[in-house]
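Engineer:
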Amino acid sequence: MEGNCFNQTVFLFTLLLAIAASSVSGHSTRVGFYSSTCPRAESIVKSTVESHFKLDPTIAPGLLRMHFHDCFVRGCDASILIDGPNAEKTAPASQFLKGYKVIDDAKFQLECECPGVVSCADILALAARDSVVLTKGTSWAVPTGRRDGTVSKASDTDGNMPGFQDTVDVLKQKFAAKGLNTRDLVTLVGAHTIGTAACEVFSYRLYNFTSTGADPSINPAFVSHLQALCPQNRDGSRQIALDTGSADRFDTSFFANLREGKGILESDQRLWTDDLTKTFVQRFLEVRGSLGLSFNVEFGKSMLKMSNIEVKTGTMGEIRKVCSKMSCFNHRVLLLTLLLPIVVILVEGQGTRVGFYSTSCPKVESIVSSTVQSHFKSDPTIAPGLLRMHFHDCFVQGCDGSILIDGPNAEKTAPPNQLLRGYEVIDDAKTQLEAVCPGVVSCADILALAARDSVVLTSGASWAVPTGRRDGTVSQSSDANNLPGFRDTVDVQKQKFADKGLNTQDLVTLVGKHFITQSLIY
Numbered sequence: 001m002e003g004n005c006f007n008q009t010v011f012l013f014t015l016l017l018a019i020a021a022s023s024v025s026g027h028s029t030r031v032g033f034y035s036s037t038c039p040r041a042e043s044i045v046k047s048t049v050e051s052h053f054k055l056d057p058t059i060a061p062g063l064l065r066m067h068f069h070d071c072f073v074r075g076c077d078a079s080i081l082i083d084g085p086n087a088e089k090t091a092p093a094s095q096f097l098k099g100y101k102v103i104d105d106a107k108f109q110l111e112c113e114c115p116g117v118v119s120c121a122d123i124l125a126l127a128a129r130d131s132v133v134l135t136k137g138t139s140w141a142v143p144t145g146r147r148d149g150t151v152s153k154a155s156d157t158d159g160n161m162p163g164f165q166d167t168v169d170v171l172k173q174k175f176a177a178k179g180l181n182t183r184d185l186v187t188l189v190g191a192h193t194i195g196t197a198a199c200e201v202f203s204y205r206l207y208n209f210t211s212t213g214a215d216p217s218i219n220p221a222f223v224s225h226l227q228a229l230c231p232q233n234r235d236g237s238r239q240i241a242l243d244t245g246s247a248d249r250f251d252t253s254f255f256a257n258l259r260e261g262k263g264i265l266e267s268d269q270r271l272w273t274d275d276l277t278k279t280f281v282q283r284f285l286e287v288r289g290s291l292g293l294s295f296n297v298e299f300g301k302s303m304l305k306m307s308n309i310e311v312k313t314g315t316m317g318e319i320r321k322v323c324s325k326m327s328c329f330n331h332r333v334l335l336l337t338l339l340l341p342i343v344v345i346l347v348e349g350q351g352t353r354v355g356f357y358s359t360s361c362p363k364v365e366s367i368v369s370s371t372v373q374s375h376f377k378s379d380p381t382i383a384p385g386l387l388r389m390h391f392h393d394c395f396v397q398g399c400d401g402s403i404l405i406d407g408p409n410a411e412k413t414a415p416p417n418q419l420l421r422g423y424e425v426i427d428d429a430k431t432q433l434e435a436v437c438p439g440v441v442s443c444a445d446i447l448a449l450a451a452r453d454s455v456v457l458t459s460g461a462s463w464a465v466p467t468g469r470r471d472g473t474v475s476q477s478s479d480a481n482n483l484p485g486f487r488d489t490v491d492v493q494k495q496k497f498a499d500k501g502l503n504t505q506d507l508v509t510l511v512g513k514h515f516i517t518q519s520l521i522y
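Just so it is clear: in the sequence shown, position 380 is 380 by UniProt numbering, and no numbers are missing.
#1: Beta strand (DSSP E) containing T196: first to last residue?
#2: Might you give, ordered along the chain, the residues of its own chain that have their beta carbon closer than 7 Å to the beta carbon of V425, omitting 5 neighbours on each side?
#3: To the nearest angstrom, how far is it from the Cα of E111 to the Cα of D104?
#4: Using 8 Å as the Cβ pair cut-off and three pairs as the minimum, do the region 185-204 and the region 58-78 touch?
#5: By the three-class DSSP mapping on this structure, what secondary structure does I309 have?
#6: Might you give, ordered along the chain, the residues of its own chain that have their beta carbon closer than 7 Å to the beta carbon of K430, omitting 5 neighbours on each side?
#7: Please return the same chain residues whose Cβ sits closer than 8 Å to the Cβ of Q232, not counting the five positions on each side in sequence.
#8: How would you write the range of the alpha helix (DSSP H) that Q173 sits in, first residue to last?
#9: Quick one: measure Cβ to Cβ for E113 and A154, integer angstroms, because I've assumed they're closer than 8 Å.
#10: In or out: K312 buried (at least 16 other Cβ within 10 Å) or exposed?
#11: At what residues does the alpha helix (DSSP H) containing I367 begin and finish?
#12: Can you tell which of A41, V189 and C323 has the C-alpha that lies nearest to the C-alpha of F295?
#13: Comparing alpha-carbon positions, which option in G145, S152 and A177 lies nearest K160?
#14: If you reduce the DSSP assignment to three classes, tell me which class E111 lands in.
#15: Rank D400, S402 and S369 by C-alpha distance to the C-alpha of W463 and give the top, closest one.
#16: Quick check on I403: does DSSP put it in helix, strand or coil?
#17: Should A414 and D479 be called a contact, given that it needs their Cβ atoms to be closer than 9 Å?
#18: Starting from the N-terminal side, write out each stretch of the alpha helix (DSSP H) that is 4 residues or longer and does not extend beyond the region 34-94.
#19: From S366 to S94, what does the alpha carbon distance come to, in whole angstroms?
#20: Where does L271 fall in DSSP's three states?
#21: In three-state terms, what does DSSP make of N330?
#22: So, using beta-carbon positions, are S267 and G145 closer together than 9 Å?
#23: Who are A241's beta bridge partners in DSSP?
#24: Would you call the region 250-269 and the region 219-228 in contact, with 3 or more CB pairs under 8 Å?
#25: Pop quiz: G149 and A78 are said to be a contact at Cβ under 8 Å. What is the actual Cβ separation, rounded to whole angstroms?
#26: Going along the chain, which residues of its own chain have a beta-carbon closer than 6 Å to the beta-carbon of D166, five neighbours each way excluded?
#27: Among residues of its own chain, excluding the 5 on either side of V344, which ones have a beta-carbon nearer than 7 Å to its beta-carbon?
#28: Exposed or buried, which one is N503 when buried takes at least 16 other CB atoms within 10 Å?
#29: Go ahead and label K136 buried or exposed: buried means 16 or more other beta carbons lie within 10 angstroms of its beta carbon, across all protein chains shown.
#30: Just grab the DSSP bridge partners of R353 for me.
#31: Is the region 32-51 touching the region 272-285, taking contact as three or more C-beta pairs under 8 Å?
#32: I'd like to know whether the C-beta atoms of I319 and R147 end up nearer to each other than 9 Å.
#33: Let me make sure I understand the geometry here. Which of D491, D235, P216 and I240 has the alpha-carbon closest to that of L226?
#34: Helix, strand or coil, according to DSSP, for K325 in the structure here?
#35: With DSSP run on the structure shown, which of helix, strand or coil describes R249?
#36: Suppose you measure from the CA of F284 to the CA of P380; what does that come to, to the nearest Å?
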């Protein structure tokens, strides 16, 4: 038995790789990625960040820094958010990060509105942009469509994250390794115009720096000021503004402070000592002339480049339900990922299209989704029940809702169908839809949508369901002979699937739905 399971797993995993390799190419992030699948995604993230910012303005630099840390380790994939004893967030460079609660809050709201759709990586990218805007910086359009990573290791921060004691040459090398140039380096370090650093991070510059007293690159008058704020051998956790005099505003005063020898971090002040980085600092401070650069404009450009570092799109990674926890990326998810293109083929009939009810009943998908969620919370076994019911419906007379019809000799009375469950979920959704859009949405479409939502609720990936089916008018138990049986030989199953336009790969993939079912299924 163990050998059989292993061989099937290898076969299915091989199928997954082939499908993924062919489907990932061409996928990329784009502005408006969620315009149809979750149109309020950006406004939900924005309002969440705003509400937290009102209570604690330091959340803005926290989120911006968190996005920076995320992108520099394994790309912008939200791996910084994952909990675990050896996860990225436990690395020394990440221990002072803040803003996790903001992302969790936004994710919770988005899961209520659009379950399984918006990635944690995109939430973090949007929150970083919104943080800049809240501190009087300029906005920019954020491309979305990132997927969440499935690996988070503290050791990956080694050698990747820029450090506060790095030389300019080391910083240039680390940025270049991520496809960012020297202009991007100076621009992105300019994010220190908001935020703070603990005394313990930079106090070594104030006392006995290389055994010669204070760091000579610090303005002498500023040394005294910092020593008063961070007395030797005192509380090292005290937070000091990185941009003296303008810590709450996203502007160029940070660069002016570097010019005056008032950089808090050693790596920041070094930007004024390197000829090339100094040139960009000066250009950001230039008011007029052809050499002047707009910091706000350049910051948006560099953020776009940074937020596209090693992004995962298409079928790569996952969409987490909870940002701090990876989904169960095991055999079940592998099989359900394989299931998606096949289910679309199975349910897509002539004339169906995504968004069929966009004008006649725009809330149809959210009503079905919330109904399935409500029943799932009370009884998680409803998910495999609905998926199986949709399968049985499509194999008999097509996907026409005929499995739902009552009668002494209707489909649902046939032996293979007597253990089906989930009828009350469809009835509940239909009742709500009739109250909102009477006579518009078919039972067949409700069942197709409910099957998709069931996959999502069991940690599978979502997909766009074409709608526009009409309900059938014939339901006979004798027609259930078309259904695959649990004693069928492989050849018989191949033939039954072929009769429905499905091949052997479809057969293996769709049988994979049994990873969320119980026994006594046929």
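Each residue gets a CB set at the ideal place from its N, CA and C atoms; glycine is no exception. Note that the coordinates shown come from a computational prediction; the quantities given were computed from them, not determined experimentally.
Structural biologist: Taking the definition as stated:
#1: It spans T196 to A198 - the beta strand (DSSP E) in which T196 sits, taken as one unbroken run.
#2: Cβ neighbours of V425 beyond the five flanking positions: T371, V372, H375, I382, L386 and A450.
#3: If you take the alpha carbons of E111 and D104, they lie about 10 Å apart.
#4: Yes: at least three Cβ pairs fall under 8 Å.
#5: It is coil, neither helix nor strand.
#6: Counting only Cβ-Cβ distances below 7 Å, and skipping sequence neighbours, we find C443 and I446.
#7: For Q232, where only same-chain residues beyond five positions count, the Cβ hits under 8 Å are S203, L206 and Y207.
#8: Looking at the DSSP string, the run of the alpha helix (DSSP H) that includes Q173 is V168 to A176.
#9: Going by Cβ atoms, the distance from E113 to A154 rounds to 33 Å, so no, they are not a contact pair.
#10: Label assigned to K312: buried.
#11: Here the alpha helix (DSSP H) through I367 covers V364 to S378.
#12: Ranked by how close their Cα comes to the Cα of F295, the residues A41, V189 and C323 have V189 in first place.
#13: The question names Lys, but residue 160 in the sequence shown is Asn. Closest in C-alpha terms to N160, from the list G145, S152 and A177, comes A177.
#14: E111: helix per DSSP, three-state reduction.
#15: Sorting D400, S402 and S369 by C-alpha distance to the C-alpha of W463 places S369 at the top.
#16: Correct three-state label for I403: helix.
#17: Yes, these two residues count as a Cβ contact at 9 Å.
#18: Here the runs fully enclosed are 41-55 and 59-72.
#19: Straight-line Cα distance between these residues: approximately 38 Å.
#20: L271: helix per DSSP, three-state reduction.
#21: Annotation note: pLDDT 40 at N330 (below 50); position unreliable, coordinate value reported separately. Coil.
#22: No, Cβ-Cβ distance for S267 and G145 is not below 9 Å.
#23: Beta-bridge pairing by DSSP links A241 to T196.
#24: With a cut-off of 8 Å, the region 219-228 and the region 250-269 count as touching, because enough Cβ pairs lie within range.
#25: Rounded, the Cβ-Cβ distance is 6 Å, consistent with contact.
#26: If we look at D166 and ignore the five residues flanking it on each side, its Cβ neighbours are S267.
#27: Confidence is the limiting factor: at V344 the pLDDT is only 49, short of 50, which leaves the residue's position unreliable, though a coordinate-based value still follows. Taking C-beta separations shorter than 7 Å and ignoring five residues to either side along the sequence, the partners of V344 in its chain run W463, following chain order.
#28: Classification for N503: exposed.
#29: Exposed, by the Cβ-count rule.
#30: Its beta-bridge partners are T467.
#31: Note that the region 32-51 does not touch the region 272-285; fewer than 3 beta-carbon pairs, one per stretch, sit closer than 8 Å.
#32: Cβ atoms of I319 and R147: closer than 9 Å.
#33: When D491, D235, P216 and I240 are compared, the shortest CA-CA separation from L226 is found for I240.
#34: Three-state DSSP puts K325 in a strand.
#35: If DSSP states are grouped into helix, strand and coil, R249 belongs with coil.
#36: Here the C-alpha atom of F284 lies approximately 57 Å from the C-alpha atom of P380.
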